[in-house]
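The sequence shown maps to residues 312 to 506 in my numbering. In this text, a Cβ means the ideal position worked out from N, Cα and C, and glycines have one as well. Since the model is a prediction, treat every value here as computed from it, not as a measurement. Take a look at the structure below.
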Amino acid sequence: MYGLWKPRVLGAWRVPASGPVILAVNHAHNIDGPMLMGTAPRPVHFLVKKEAFVGPLGSFLTGIGQLKVDRDSTDRTAISNALAVLEHGGVLGIFPEGTRGEGDFASLRAGLAYFAVRSGAPIVPVAVLGSSERPGRLIKALPPLRSRVDVVFGDAFDAGDGSGRRTRKALDEATFRIQARLTEHLENARRLTGR
């Protein structure tokens with residue numbers, strides 16, 4: 312990432328140095344995940360759509376510890392693998408919106424709340440800004456080479472309410488709290504970076 316673009320990483324010290332943590336990342340461009348993996352202070356295991364695990368790319372993704380997920384069904388293997396990452400004190404990266412979009416955390420899926428409440432791992436919000444501002448001249452699908460991309464880490468927080476409940480209502484309430492925190496972080500990151 313540092314060879315192709317000019318990432319500016321802010322707040323990486325906010326990621327706990329050890330123990331389980333979930334990085335909740337906005338997703339506006341294809342390079343957001345790789346950009347975070349290349350700049351995060353700890354190795355990150357992302358849930359990646361199964362369609363990406365094809366040919367040499369599939370072997371590469373598996374080799375660097377990424378987790379295959381079927382987005383069209385409840386993928387119990389992917390859920391178990393993601394929880395195992397957290398149980399072993401690792402870092403799980405999640406795009407809470409489920410797919411690439413505006414990157415504004417406007418609509419969250421329940422997966423992030425489930426993993427956070429079930430594992431008890433803190434969530435660190437991450438804003439990747441600048442990846443989708445303009446297309447590159449050589450490769451239109453990528454940001455311009457050597458352009459600045461900001462990766463802004465926020466303060467860690469717990470999604471649960473402290474009761475230990477894992478009911479549907481508790482997950483819905485956690486999703487609401489998470490969305491408020493992620494939206495607030497994104498606004499702060501935009502102010503901080505001027506984007």
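Relative to the C-alpha of residue i, which candidate in the options has its C-alpha closest?
| i | options | result |
| --- | --- | --- |
| residue 360 | 351, 354, 344 and 352 | 344 |
| residue 464 | 377, 383 and 319 | 319 |
| residue 509 | 325, 362, 375 and 338 | It is not possible to answer for residue 509, since the shown part of the chain is limited to 312 through 506. |
| residue 337 | 312, 427 and 408 | 408 |
| residue 339 | 480, 352, 462 and 425 | 462 |
| residue 362 | 481, 377 and 327 | 377 |
| residue 323 | 427, 405 and 353 | 353 |
| residue 488 | 403, 474, 478 and 469 | 469 |
Do you know offhand how far residue i's Cα is from residue j's?
| i | j | result |
| --- | --- | --- |
| residue 412 | residue 455 | Residue placement at residue 412 is flagged as unreliable, the pLDDT there being 48, under the threshold of 50; the coordinate-derived value follows with that caveat. Between residue 412 and residue 455, the C-alpha separation is close to 19 Å. |
| residue 398 | residue 492 | 24 Å |
| residue 331 | residue 316 | 29 Å |
| residue 365 | residue 383 | 17 Å |
| residue 321 | residue 484 | 29 Å |
| residue 431 | residue 379 | 23 Å |
| residue 417 | residue 433 | With a pLDDT of only 49 at residue 417, under 50, the local geometry of the prediction cannot be trusted, and the value read off the model is given with reservation. Whole-angstrom Cα-Cα distance: 21 Å. |
| residue 326 | residue 341 | 23 Å |
| residue 424 | residue 471 | 8 Å |
| residue 313 | residue 350 | 8 Å |
Short check: CB of residue i to CB of residue j, under 8 Å?
| i | j | result |
| --- | --- | --- |
| residue 435 | residue 497 | no |
| residue 346 | residue 460 | yes |
| residue 482 | residue 405 | no |
| residue 389 | residue 403 | no |
Which word fits residue i, buried or exposed, when buried means at least 16 other C-beta atoms lie within 10 angstroms of its C-beta?
| i | result |
| --- | --- |
| residue 442 | buried |
| residue 368 | exposed |
| residue 500 | buried |
| residue 385 | exposed |
| residue 371 | exposed |
* **Complete beta strand (DSSP E) runs within the stretch 320–407 (minimum length 3 residues, chain order)** => With a minimum length of 3 residues, the continuous beta strand (DSSP E) runs that stay inside the stretch 320–407 are 332–336, 355–360, 378–380 and 402–405.
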